[in-house]
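Keeping their order, the protein sequence lines are chains A and B.
Quick note on numbering: the first sequence equals residues 1 to 429 in the numbering used here.
Quick note on numbering: the second sequence equals residues 1001 to 1311 in the numbering used here.
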Amino acid sequence: MKLPKLLAGLALAGMVLAACGTSNSTGNTNKGTINIGVDLPESGAEASNGIPTLNGVKYAVQTAGSVEGYTIKVKNLDDAVNGVHDPQKGAQNMQAFVADTSVLGVVGPFNSNVARAEIPISNRAKLAQISPANTNQCLTKNIYIPTTLGAPKDITCKDAGILAPADLRPTGVNNYFRVATTDDLQGPAMADYAYDTLKVTKLGVASDNEVYGKGIADTFSAEFKNKGGTIVKRQDFNTKSTNDFRGFLQSAKGAGATAIYFGGTDSNKGCIVRAQAKGIFAADSPYMGGDGLQTGQCLKDAADNAAGIYAAVAAPNAEQIPASKSIIDGFKKAFPNKDDFGAYSMPAYDCAKILIEAIRKAIKANNGNMPTRDAVRQQVANTKDFTGTLGKTTFDENGDTSLKIISIYQAKGSPVDWSWVTQIDFAKK
Amino acid sequence: MPRAANDPSFFVQIVIYGLANGAIYALIALGYTMVYGIVELINFAHGDVFTLGGFLALPLIAAFGLREDQSTGLGVYLVLLVVALIVMLLTGSLNVLIERVAYRPLRNAPRLAPLITAVGMSFILEGLMYMWQGANNVHFPDLLPSGRISLGGSASIGAKDFIVIALAVVLVVVLTTFINNSKLGKAMRATAQDRDAAQLMGVNINRTIAATFFIGAVLAGAGGMIFGLYFNTVRFDLGFQSGLFAFTAAVFGGIGNIQGAALGGLFIGMVKAFSDAYFTSQLTDVWIFSILILVLVFRPTGLLGMRVPEK
Chain A
1 MKLPKLLAGL ALAGMVLAAC GTSNSTGNTN KGTINIGVDL PESGAEASNG
51 IPTLNGVKYA VQTAGSVEGY TIKVKNLDDA VNGVHDPQKG AQNMQAFVAD
101 TSVLGVVGPF NSNVARAEIP ISNRAKLAQI SPANTNQCLT KNIYIPTTLG
151 APKDITCKDA GILAPADLRP TGVNNYFRVA TTDDLQGPAM ADYAYDTLKV
201 TKLGVASDNE VYGKGIADTF SAEFKNKGGT IVKRQDFNTK STNDFRGFLQ
251 SAKGAGATAI YFGGTDSNKG CIVRAQAKGI FAADSPYMGG DGLQTGQCLK
301 DAADNAAGIY AAVAAPNAEQ IPASKSIIDG FKKAFPNKDD FGAYSMPAYD
351 CAKILIEAIR KAIKANNGNM PTRDAVRQQV ANTKDFTGTL GKTTFDENGD
401 TSLKIISIYQ AKGSPVDWSW VTQIDFAKK
Chain B
1001 MPRAANDPSF FVQIVIYGLA NGAIYALIAL GYTMVYGIVE LINFAHGDVF
1051 TLGGFLALPL IAAFGLREDQ STGLGVYLVL LVVALIVMLL TGSLNVLIER
1101 VAYRPLRNAP RLAPLITAVG MSFILEGLMY MWQGANNVHF PDLLPSGRIS
1151 LGGSASIGAK DFIVIALAVV LVVVLTTFIN NSKLGKAMRA TAQDRDAAQL
1201 MGVNINRTIA ATFFIGAVLA GAGGMIFGLY FNTVRFDLGF QSGLFAFTAA
1251 VFGGIGNIQG AALGGLFIGM VKAFSDAYFT SQLTDVWIFS ILILVLVFRP
1301 TGLLGMRVPE K
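Below you can see the structure in the form of structure tokens.
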């Protein structure tokens, strides 16, 4: 009789050990590991974007514990090469995720041109992909500039020389979703703010000539003209070979501009242009852009001319939503440094939570067994009124979020830092 | 066309921007042209030595206690001059070291070997600067006076513009005089013309070539620091594009030709400034290279003629 008792004791000890291994408190036995792939720029100039965003996913996974007996882990890959986001590296990372059968969904990427390279790959594998930060409209919609911005007819992505969503999805089934809203709103939101609130009527527009930068510069310009404003000078720069932007600034100023809009990122000298405006434009003249400028690096680049930069971000500010406070406080306890939290930490948190929720439902539907990628993708597509830190998210058939909110930030104070000024809700317009 | 286009003072302003940018290209182009003139090597690492000049100045400026917005007066310029001399000495010595380690052993190897070595050296320098200073734009303290003198209408010349243009002119004049009159300059010209004959006449070839690399890098180092003081920003990959345009400037003016490189630099600075200000900047590089091709088709030796070893 002694031997069976010992065996039972060993088995019990084994179960306890196994339970410890899954690091959950529900006491389920560990059925295996499910990985959430994360593709973001994690090194170099854009680490300031990527790392706080990655932290959002990590925090969501930490707080989720185990899901229906499966351990959830983060598998993150860096899509930056030489410090700059790289579409080919993104595509390679996506292939690595597809090859790893434990990856049931991906959060990322950060940059729209990386998404364009990745979606065809994840689409063939029916792997759900949710981006916290992609804003280029042509990733989900085939309208580059809609008639609502004053164009005589819709300008399609094809017209603008950009691949349409259908071209990116070889299987014809959508697997790409995002919690950030789109550039055809991000650009116009700033145009509305410039014309209505800042009372700017004439301005100069420049871009870094990339998909994202030129896109928001185009939609900004369309809406600004629609409102009755004038674009006195437009320039799309090869920012790699251009060091001096004063010729553009001077000619805009000479033609009567009182402000500048720059479509692009800080790593493409977006805020060096602001620094060079010193002495040409008044110190407090508005300098506007999209979420590519809303970084700490931008303030460093603009140096003593940083105050007066306005940036639109294509997501609500979770800090303005009272119900999200406890989650943000928890995040800041787990990631205590100032640089750990960024504009896209909470959007990334929501992406991961939506994905985890979809995985949970897919496991349940599969009688507690490991679900297929397509089942998870289907559950993500069915996301309806998901309550996250940004509000209630529903995905439409294109993969776009129902939350069409653009937040406006201003660089001000001493020392100069970003502060939230207002938000524009396009769902209510 | 915005009405600024018809404003003569706007035209003057763009000329000044073009001159200042051109002066910086000219400083880099001089190093390319000198090295090519004497060993027929396109020293791709030269643009990165230029960037390094900017980065080396940063800790030195901090070490001498210069602070943005706090340091004023003549003392600042004296310290900047000392910093510049140290930077020039460092970049010069580094370039001599590069020549000794990477190029000299290949001097008689097939032409492609040193060329690829130079490309490799450029990547090594960029990689090391990336590790040292990171991938971001690095702020360079604004220490030059910000005063401007009005030139009528909306045009004005800043103290910075003036300093950059004047420094480039002085350096070109000093360099030309040095090469035309000094003993080392004569040795350089002799080596450039016919290396074997020069050696027979008792010229120390290795020392002369090393000196050429040293002087070229001294100018590049000074150029990098001037770039930092002028634009108040430096980035690890700055040298790649700037170096490419400077090399183009050297070919445009006639490779091996000091005045040609200076002229080529000014030309590229001007075309860039005018294209960005009056036309669309998407076509800026198209303009530069179209004009370059046209010039080379009709004058294959560049505007002022090549000065390279005779065959």
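Note that the Cβ used here is the ideal one computed from N, Cα and C, for glycine as well.
All of these numbers come straight from a predicted model, not from anything done at the bench.
Buried or exposed: which applies to residue i, given that a residue is buried once 16 or more other Cβ atoms fall within 10 Å of its Cβ?
i: SER324 of chain A; result: buried
i: PHE1123 of chain B; result: exposed
i: ASP339 of chain A; result: exposed
i: LEU1074 of chain B; result: exposed
i: ARG274 of chain A; result: buried
i: TRP1132 of chain B; result: exposed
i: GLN88 of chain A; result: exposed
Specify, as a first and last residue, the run of the beta strand (DSSP E) that residue i falls within.
i: ARG234 of chain A; result: 230 to 236
i: MET288 of chain A; result: 287 to 289
i: VAL179 of chain A; result: Run containing VAL179 of chain A: none; DSSP gives neither H nor E here.
i: SER207 of chain A; result: 202 to 207
i: ALA259 of chain A; result: 259 to 263
i: GLY1158 of chain B; result: 1156 to 1158
i: VAL313 of chain A; result: 309 to 313
i: LYS126 of chain A; result: Where LYS126 of chain A is concerned, there is no enclosing beta strand (DSSP E), given that its DSSP letter is neither H nor E.
i: TYR144 of chain A; result: 143 to 145
i: SER407 of chain A; result: 405 to 412
With which residues is residue i paired in a DSSP beta bridge?
i: LYS278 of chain A; result: A:PHE281
i: ASP78 of chain A; result: A:LEU40
i: PHE386 of chain A; result: A:THR393
i: ARG1148 of chain B; result: B:GLY1158
i: THR1248 of chain B; result: Paired residue(s): none; THR1248 of chain B is not in a bridge.
i: LYS73 of chain A; result: A:ASN35
Where do the ends of the alpha helix (DSSP H) carrying residue i lie?
i: ILE1226 of chain B; result: 1205 to 1231
i: VAL106 of chain A; result: Taken as a continuous stretch (DSSP letters only), VAL106 of chain A belongs to no alpha helix (DSSP H), being part of the beta strand (DSSP E) at 103 to 107.
i: LEU40 of chain A; result: Segment 32 to 40 is the beta strand (DSSP E) holding LEU40 of chain A; no alpha helix (DSSP H) there.
i: ASP417 of chain A; result: Looking at the DSSP string, ASP417 of chain A is not in any alpha helix (DSSP H); the run it does join, the beta strand (DSSP E), is 417 to 425.
i: ALA373 of chain A; result: Reading the sequence as shown, one finds Arg at residue 373 of chain A and not Ala. First-last of the alpha helix (DSSP H) with ARG373 of chain A: 373 to 381.
i: GLN1013 of chain B; result: 1008 to 1039
i: GLN62 of chain A; result: 47 to 64
i: ILE1098 of chain B; result: 1074 to 1098
i: TYR1130 of chain B; result: 1112 to 1133
i: ILE1268 of chain B; result: 1258 to 1278
i: MET94 of chain A; result: 87 to 99
i: PRO1059 of chain B; result: 1046 to 1063
i: CYS351 of chain A; result: 345 to 365
CA-CA distance, residue i and residue j?
i: LEU1094 of chain B; j: ALA1045 of chain B; result: 11 angstroms
i: SER1182 of chain B; j: MET1121 of chain B; result: 31 angstroms
i: VAL16 of chain A; j: SER102 of chain A; result: Residue placement at VAL16 of chain A cannot be trusted, given a pLDDT of 45 that sits under 50; what the coordinates show is reported in the next sentence. For VAL16 of chain A and SER102 of chain A, the distance between alpha carbons rounds to 25 angstroms.
i: ALA1057 of chain B; j: ASP78 of chain A; result: 32 angstroms
i: PRO1008 of chain B; j: ALA1273 of chain B; result: 15 angstroms
i: VAL1087 of chain B; j: ALA80 of chain A; result: 32 angstroms
i: ILE1255 of chain B; j: ARG1307 of chain B; result: 6 angstroms
i: PRO286 of chain A; j: VAL416 of chain A; result: 15 angstroms
i: ARG124 of chain A; j: PHE1247 of chain B; result: 46 angstroms
Taking 8 angstroms as the CB-CB cut-off, is residue i touching chain B?
i: SER221 of chain A; result: no
i: ASN113 of chain A; result: no
i: SER251 of chain A; result: yes
i: SER207 of chain A; result: no
i: ASN243 of chain A; result: yes
i: ASN76 of chain A; result: no
i: VAL200 of chain A; result: no
i: VAL84 of chain A; result: yes
i: GLY279 of chain A; result: yes
i: PHE237 of chain A; result: yes
i: ARG169 of chain A; result: no
Taking only beta-carbon positions, decide if residue i is within less than 8 angstroms of chain A.
i: PHE1252 of chain B; result: no
i: ASP1048 of chain B; result: no
i: ARG1189 of chain B; result: no
i: GLN1070 of chain B; result: no
i: ASN1232 of chain B; result: yes
i: THR1280 of chain B; result: yes
i: ALA1168 of chain B; result: no
i: ILE1377 of chain B; result: The first residue shown for chain B is 1001 and the last is 1311, placing residue 1377 of chain B beyond what the model contains.
Is there a Cβ from chain C that is less than 8 angstroms from the Cβ of residue i?
i: PHE1123 of chain B; result: The displayed structure is made up of protein chains A and B, and chain C is not among them.
Would the beta-carbon of residue i be found less than 7 angstroms away from any heavy atom of the ligand MN?
i: THR33 of chain A; result: No copy of the ligand MN appears in this structure; indeed no ligand is present at all.
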